[in-house]
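Right, one structure below, let's go through it.
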Amino acid sequence: MSEDKKKIKEDKKINSKIVELEQQLEEYKSGWQRAQADYQNLQKEIDDKKSEWIRISELQVLTEFMPVYDNFKKAFLHHPELDVENEKDKKIKNWIDGVGFIMKQFGVVLKNFDIEEIKTVGEKFNPEMHEALGEEESDEEEGIILKEVDVGYKMKGKIIKVAKVIIAKGH
32 MSEDKKKIKE DKKINSKIVE LEQQLEEYKS GWQRAQADYQ NLQKEIDDKK SEWIRISELQ
92 VLTEFMPVYD NFKKAFLHHP ELDVENEKDK KIKNWIDGVG FIMKQFGVVL KNFDIEEIKT
152 VGEKFNPEMH EALGEEESDE EEGIILKEVD VGYKMKGKII KVAKVIIAKG H
């Protein structure tokens, strides 16, 4: 075999090997890109799950906290009348003012978690947000909320506790 033919044959072998190696390179590169995309998708899924777990945990803690906060507010509304001239009553008033400040701090915490009370008195009854515990005769239009028995809450616009109310009865 002539030198040229050997060279051509060897060149063909080398070219064939180059093509084969380029194909392997593309396969590895493609596999690496898929693995990279899978990893990024997994990271996103983990981040989403983590956010969901945090949201669920926050909601669980806050919903456990709501009845305590509600009772605290109800108790605060029924503090005794005090004579501010009386030294003992002044001390009690200062204590009540301090408790009122703590209650406001609770309200700030709720607001920080985007929790708000559901509007009730004077509003039209909405079964998605309100639970009617009864009806009373009234000059108000039928279905208007007259009294709030128990406060309701929304978190980021989603109802987490319905408000319990008394509504106006139709004439």
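In terms of this note's numbering, the sequence shown opens at residue 32 and continues consecutively. Virtual Cβ for every residue (Gly too), placed ideally from N, Cα, C.
Item	Value
Mind checking who Lys195 pairs with in its DSSP beta bridge?	Glu162, Asp181
Taking His110 as the reference, which of Lys187, Lys81, Gly129, Glu95 has the closest Cα?	Gly129
For the pair the region 72-92 and the region 111-119, tell me if three or more CB-CB distances fall below 8 Å.	no
To the nearest angstrom, report how far apart Glu95 and Val193 are at their CA atoms.	15 Å
Quick one: Cα of Glu148 to Cα of Gly183, how far?	6 Å
Could you give the distance in angstroms between the alpha-carbon of Tyr70 and the alpha-carbon of Gly131?	51 Å
Give me, in chain order, the residues of the same chain whose beta-carbon lies closer than 7 Å to that of Met97; leave out the 5 immediate sequence neighbours on both sides.	Tyr184, Lys192
Among the residues of its own chain, which have a CB less than 6 Å from the CB of Asp181, if the five just before and after it don't count?	Lys195
What number of angstroms, rounded off, separates the C-alpha of Thr151 from the C-alpha of Ala68?	50 Å
So, for Gly165: in the same chain, excluding its five sequence neighbours on each side, which residues have a beta-carbon less than 7 Å away from its beta-carbon?	Ile197
Using the Cα positions of Glu167 and Ala199, report the straight-line distance between them to the nearest angstrom.	5 Å
Can you pull the DSSP bridge partners for Glu167?	Ala199
Below 8 Å on the Cβ atoms is my guess for Ile146 versus Leu93; work out the distance and round it to an integer in Å.	6 Å
DSSP on Lys38, reduced to helix/strand/coil?	helix
Going straight from the alpha carbon of Leu56 to that of Arg65, what length do you get?	14 Å
Find out if the Cβ-Cβ distance for the pair Lys155, Ile175 is shorter than 8 Å.	yes
Got a sec, what are the start and stop residues for the beta strand (DSSP E) Ile146 sits in?	146-148
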